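Peer 1: Each residue of the sequence shown is one higher than the last, beginning at 1 in the numbering used here. We put the CB at the ideal spot given by N, CA and C, even for glycine. In this text the structure is predicted, and so the values were computed from the model without any measurement.
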Amino acid sequence: MELLGGHYRTVRRQMSKADMNAETAKLLSEMIDASVAAKAHMPATATTGDLKNSYRVIMNKLIVALANAENAALEGDNAKLKDFVLEANQVKGEGHELFIPEEE
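1) Short of 6 Å in beta carbon distance, which residues of its chain neighbour Ala34, apart from the five on each side in sequence? Order them along the chain.
2) What's the gap between the Cα of Met59 and the Cα of Lys39?
3) Exposed or buried, what is Gln90 when buried is set at 16 or more other beta-carbons lying within 10 Å of its beta-carbon?
4) Report back the beta-carbon spacing between Leu81 and Ala73 to the nearest angstrom; my notes put them in contact at under 8 Å.
5) DSSP three-state label for Leu10, please.
6) Using the Cα positions of Ala37 and Tyr55, report the straight-line distance between them to the nearest angstrom.
7) Among Glu87, Lys17, Asn21, which residue has its Cα nearest to the Cα of Asn71?
8) Using a threshold of 8 Å, state whether the C-beta atoms of Leu28 and Leu66 are closer than that.
9) Where does the unbroken alpha helix (DSSP H) through Gly93 begin, and where does it stop?
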């Protein structure tokens, strides 16, 4: 998951730069691979069937948003790229809210 955070920051910096779309698409592809791998590792906080299903749904939403972002980068559509990157960030936030316990 560390790869996702590091790549996400780079993608955010590059998403408005059309000349960086090939590099951005490569990073997004790596993020998709990492997300698919992470989907197989259920968090300890997913203790019930409903939470396990929610985790899978959130990971699927993340993978789809990242794939759409990669497609937008490959197609040179930076407006859509930005939308899909922001969508991926929103999905990530939903997942963190459900599965990462708050520190007291």
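Peer 2: Put simply:
1) So the qualifying residues of the chain are Leu3, Leu4.
2) Approximately 6 Å, taken between the alpha carbons.
3) By the 10 Å Cβ count, Gln90 comes out exposed.
4) So it is a contact: roughly 5 Å between Cβ atoms.
5) The amino acid occupying residue 10 in the given sequence is Thr; Leu does not appear at that position. In the structure shown, Thr10 sits in a helix (DSSP, three-state: H, G or I).
6) Spanning the two alpha carbons is a distance of roughly 13 Å.
7) The shortest C-alpha separation from Asn71 is found at Asn21.
8) For the pair Leu28 and Leu66, the CB atoms are nearer than the 8 Å cut-off.
9) Counting along the chain, the unbroken alpha helix (DSSP H) around Gly93 starts and ends at 78-99.
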